[in-house]
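What follows is one structure encoded as structure tokens, with my remarks underneath.
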Amino acid sequence: MRHIIAVLLENEAGALSRVVGLFSQRNFNIETLNVAPTEDPTLSRLTVTTSGSDRVIEQITKQLNKLIEVVKLVDLTEGDHIEREMMLIKLKATGQHRDEVKRTVDIFRGQIVDVTSSIYTVQLTGDQVKLDAFINAIGESYVLETVRTGVSGIARGDKVLSI
Amino acid sequence: MEMLSGAEMVIRSLQDQKIEYIYGYPGGSVLHIYDALAQQKQVKHILVRHEQAATHMADAYARASGKPGVVLVTSGPGATNAVTGIATAFMDSIPMVVICGQVPSTLIGEDAFQETDMMGVSRPVVKHNFAVKHPAEIPGLIKKAFYIASSGRPGPVVIDIPKDMTTPTDKFEYHYPESVSMRSYSPATRGHSGQIKKAVELLLAARRPVILVGGGTVGGKACDEATQLAKALNYPVSSTLMGLGGYPSTDRQWLGMPGMHGTYEANMSLHHSDLILSIGARFDDRVTNATEKFCPTAKIIHIDIDPSSISKTIAADVPIVGPAKSVLLEMLALVAKSGTQPEADAIAEWWSQIDQWRLRHGGHYERNEKGMLKPQQVIEALYQVTKGDAYICSDVGQHQMFAAQYYKFDKPNRWINSGGLGTMGFGFPAAMGVKLHYPEAEVVCVTGEGSFQMNLQEFSTCSQYGIPVKIVCLNNHSLGMVRQWQDMNYESRHSQSYMESLPDFHKLTGAYGHKAITVKTEAELIPALEQAFALKDELVFLDIHVDPTEHVYPMLVPKASMRDMWLNKTERT
């Protein structure tokens, strides 16, 4: 099953490599990973999506917790949560198809952030399923380039991941 | 406030940490530190002949004393040579601090002379590592390194120090912190009371219990408490390879070691048990055999300081995260207070079953018809001559298993071996590390001619510092354990497991100023051992020729349960 694990990490050189190294050393799987400093500059927040049996996920969270630089973590998929991913996607937009692309972008509530006579560059935010659905709707043959941030997530309601 | 250079801070911090010996090898990147070392007497340095030996010496000192060992090596090859020893300590949860030189920070990343990314290389085999970014950080980082290495589940910590952090003319305020606190690191200090209560209820209700003593019992200094609990309940005890000595091996309640080369009775008892109380054992693959067939009727209480060891390979029914000592003390108090007693009839029946199992194999081995010594005989003789009270530092292979099986350890910290990583070459430097700190004790390296040749250069270190260890080399002209597997699984095709052109060990040891004794017959064995131990101040190498065809038994049948064993070359359960 797919899990989203949010980690507060000391914002120190080499800390990220420990997290990434751990996944490959122990044969765990990383589907997406994103990381940036938080409002507290001594901390980074990292979101990793991974998959595995309950036992594997338990090992992943325990092994992550064991890293000296990991301050706190939570498996967001254990409760209600919000997940978002941002995609920048460069699309062929010529002739008749140019209008169709525009309409699809509107339906998915994306924004065209750059335009040439033959290309739209679109910014789209949503969960992974929505981004995948957009690519499907446009048709892969019109996609010139994509870049996705990977999932970031946060718990719904009162729950807060902080120190 | 005192002003010191980074190099002086390294040495002063070690002084303030009350470190007596460090083990190492100088080189370009650590010359400033070595210069600071030379200007004081408190911290003594042992110059090894290869950095791997330095790590094993420090490691073995830690295993014998319970205190962290310290290593000092240079950058590049110095650091990479230390990696095997760091990994050895990591796998067995041994506290160690390794200080590595690094090229000047201005050159890092430029493929400078003797540059290696030691932070990256060591990362998978350390508990933690630090790179020094400013000289003034050095005392704080060293304090943290010792704290992390020794607390929680112990392990090695590497400190990478670029040469320009130790420049003698750059002086900074020195202050060695009294204590450390880290927001991201706080090992458990006691177990969960509710879980402990649940565990005691299960324990008292058990009808076929086994207590499993692991390396965490020894490392956690909880051997007395484990023994008290076993005695209070009259329950059988098995000790893993890392837990040997954690419960007295000559005691009636002790079943022997479990696992791959465990005793028949330990493996049978575990397989048929209804409850296993694991104290700091991690259910390693060499213990469990096929995990899906592991002890089908047993409930598992698992005490461990490291939560990730619990339910990693075998699911625990009652997990208890905490230091073995405090958890066991709480359990003992609850057992004493409880009105319930274990069901006497059930326990008596369990013991009578175990006593029957004890008769089946009982460590039996056949004598060689041509009068060749059997390796088991040698270990039995060693046990007899040393009265069971020596530090036994083992290398890796058949001799290691024979030593584990036939030397009965009644005290913890006496059995020093590379259990997890299985590092050949460990035994000799390990014995040196122990002997240096316990000069009055008998310290023996049990080795084979294969393992021994992986670190024999340390003969020279022993000459320099006068380290009179005794080396018991079970010489079978073969890589015995490899050969055994080839006999059992590859129709005796002994691919690269035969050692031709062995050195003349007399000449070899003589060249370094040590003594060698060759033993080929049973009649020579005890006198040779007695002679060796009588030579208190000399390193003695006993080249003991043993039967090369011997195998270690019992041996678990691959991919099966713990009750499936070969008992000798022809008989299996």
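Going line by line, the protein sequences match chains A and B.
Those letters in the first sequence? Residues -3 to 159, per the working numbering, in order.
Those letters in the second sequence? Residues 717 to 1289, per the working numbering, in order.
Virtual Cβ for every residue (Gly too), placed ideally from N, Cα, C.
Which of the three DSSP states, helix, strand or coil, is assigned to Leu823/B?
coil
If we call anything under 7 Å between Cβ atoms a contact, is Asn61/A one with Thr46/A?
no
Beta carbons nearer than 7 Å to chain A: which residues of the segment 877 to 909 of chain B have them?
Arg899, Ser900, Tyr901
Classification of Tyr777/B by the beta-carbon crowding that lies within 10 angstroms, buried from 16 upward
buried
Element boundaries [beta strand (DSSP E), containing Lys887/B]
887 to 889
Go through the segment 1168 to 1210 of chain B residue by residue and report every complete run of the beta strand (DSSP E) that reaches 3 residues or more, in order.
1186 to 1191
Taking Glu136/A as the reference, give the member of Glu79/A, Ala89/A, Arg105/A, Lys155/A with the closest Cα.
Ala89/A
Between the Cα of Val929/B and the Cα atoms of Ala938/B, Ala921/B, Trp1282/B, which residue gives the shortest distance?
Ala938/B
Cutoff 7 Å: Pro974/B Cβ touching any chain A Cβ:
no
Chain B partners of Arg14/A, CB-CB under 8 Å?
Arg839
So, are the CB atoms of Thr956/B and Val926/B less than 7 Å apart?
no
Residue-chain proximity (Pro1023/B, chain A), Cβ-Cβ < 7 Å
yes
With DSSP run on the structure shown, which of helix, strand or coil describes Pro1023/B?
helix
At 3 residues or longer, what runs of the beta strand (DSSP E) sit wholly inside the segment 937 to 1000 of chain B?
953 to 955, 970 to 972, 991 to 995
Taking 7 Å as the threshold (beta carbon to beta carbon), is Met807/B in contact with chain A?
no
Out of curiosity, what's the CA-to-CA distance linking Gly978/B and Gln1121/B?
8 Å
Does any CB atom of chain A fall closer than 7 Å to the CB of Val835/B?
One detail in the question is off: residue 835/B reads as Met in this sequence, not Val. Chain A, which has a Cβ nearer than 7 Å to the Cβ of Met835/B, makes this yes.
Under 7 Å between C-beta atoms of Val764/B and Thr1163/B
no
Determine the chain B residues that contact Gly146/A at a beta-carbon separation under 8 Å, and present them in chain order.
Here the premise fails: no neighbours, minimum Cβ distance about 23 Å.
Which residue wins for smallest C-alpha separation from Glu1085/B, given the options Ser902/B, Thr1237/B, Asp886/B, Leu1272/B?
Thr1237/B
Starting from Val66/A, find everything on chain B with Cβ-Cβ shorter than 7 Å and list it in chain order.
Ser900
Measure from the C-beta of Gln21/A to each C-beta in chain B and report whether the shortest distance is under 7 Å.
yes
Evaluate Gly1055/B with the Cβ neighbour count: other Cβ atoms within 10 Å of its Cβ, from every protein chain shown; 16 or more gives buried, anything less gives exposed.
exposed
For the candidate residues Leu945/B, His1153/B, Pro884/B, whose alpha-carbon lies nearest to that of Tyr1181/B?
His1153/B
Contacting positions in the segment 811 to 827 of chain B - beta carbon closer than 9 Å to chain A
none
Given a cut-off of 7 Å on the beta-carbon distance, is the pair Gly10/A and Met835/B in contact?
yes
Buried or exposed: where does Gln755/B fall if 16 or more other Cβ atoms within 10 Å of its Cβ makes it buried?
exposed
Below 8 Å, can you find three or more Cβ-Cβ pairs linking the segment 0 to 15 of chain A to the segment 30 to 50 of chain A?
yes
Which chain A residues are close to Lys1028/B, counting only those with a beta carbon under 7 Å from its beta carbon?
Gln55
Do Leu157/A and Val70/A have their beta-carbon atoms positioned less than 7 Å apart in this structure?
yes
At least one CB of chain A closer than 7 Å to the CB of His1302/B: is that the case?
Residue 1302/B lies beyond the range of chain B shown here (717 to 1289); nothing can be said about it.
Best match in Glu1254/B, Gly1135/B, Ala828/B for proximity to Val819/B [C-alpha to C-alpha]
Ala828/B
Which residues in chain B have a C-beta closer than 8 Å to the C-beta of Glu6/A? List them in chain order.
Ser900
If you measure from the beta carbon of Gly48/A to each beta carbon in chain B, is any gap under 7 Å?
no
Quick one: is His844/B near chain A, going by C-beta distance under 7 Å?
yes
For a cutoff of 7 Å on Cβ pairs, would you count Gln107/A as touching chain B?
no
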